[in-house]
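Trainee: Residue numbers (mature numbering (1 follows the signal peptide of the UniProt record, and there is no 0)): -25 to -1, 1 to 126.
Where a beta carbon is used, it is the ideal one built from N, C-alpha and C, also for glycine.
1) Under DSSP, the beta strand (DSSP E) around residue 64 begins and ends at which residues?
2) Out of 58, 25, 60, state which residue places its alpha-carbon closest to the alpha-carbon of residue 40.
3) Just confirm the distance between the C-beta atoms of residue 88 and residue 50, as a whole number of angstroms; I'd bet it's less than 8 Å.
4) Who are the near neighbours of residue 110 in its chain, counting only those whose CB is closer than 6 Å to its CB and skipping five residues on each side?
5) Excluding five sequence neighbours on each side, which residues of the same chain lie with their C-beta closer than 6 Å to the C-beta of residue 20?
6) Need the endpoints of the beta strand (DSSP E) that residue 52 sits in, please.
7) On a Cα-Cα basis, can you pick out the residue from 54, 59, 108, 75 that is closest to residue 38?
8) Excluding the 5 residues flanking residue 101 on each side, which residues of the same chain have their C-beta closer than 8 Å to its C-beta?
9) What separation, rounded to the nearest whole angstrom, lies between the Cα atoms of residue 23 and residue 58?
10) Terminal residues of the continuous beta strand (DSSP E) containing residue 20?
11) Measuring alpha carbon to alpha carbon, tell me which residue in 97, 12, 86, 116 is nearest residue 34.
12) I think residue 114 touches residue 11, with their Cβ atoms under 8 Å apart; what is that distance to the nearest whole Å?
13) From what residue to what residue does the beta strand (DSSP E) around residue 38 run?
14) With DSSP run on the structure shown, which of helix, strand or coil describes residue 78?
15) Taking Cβ positions, are residue 48 and residue 91 nearer each other than 8 Å?
16) Can you tell me where the beta strand (DSSP E) holding residue 13 begins and where it ends?
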């Protein structure tokens, strides 16, 4: 009985020890650029118009590098209907304010939902008196490249 428990414990330990290497090898690093012609909210930050580099080392953390330096936000992957031919960023427009909501990566079967409930709630509340419904604006991603992490 003790031998069986030891064998199971050893097998579990070996499995757990190999997970970080397996996950690291499967993680894709994404680098793309986007030219945003308007100011927008990203996470809890308000960013100016300009060229931004999108870096993602993990599917739950996205870094935008722009004129004011790097800004991070949490993301949540959502399943698409199929693989995409082109990448795009989706902004929701509330009045004269834009919020970055989604990032769709070319060649992937998932897109990223930007986790920014406070920015969405604050902006929606500020513009709730307007009779217009929020509009979605899509911008194409430029120069997307996927590489294995660590390369």
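Mentor: Looking at the atomic coordinates:
1) 63 to 69
2) 25
3) 6 Å
4) 68
5) 46
6) 44 to 54
7) 75
8) 69, 70, 72
9) 31 Å
10) 20 to 22
11) 86
12) 7 Å
13) 36 to 41
14) strand
15) yes
16) Here residue 13 belongs to no beta strand (DSSP E), and DSSP marks it neither H nor E.
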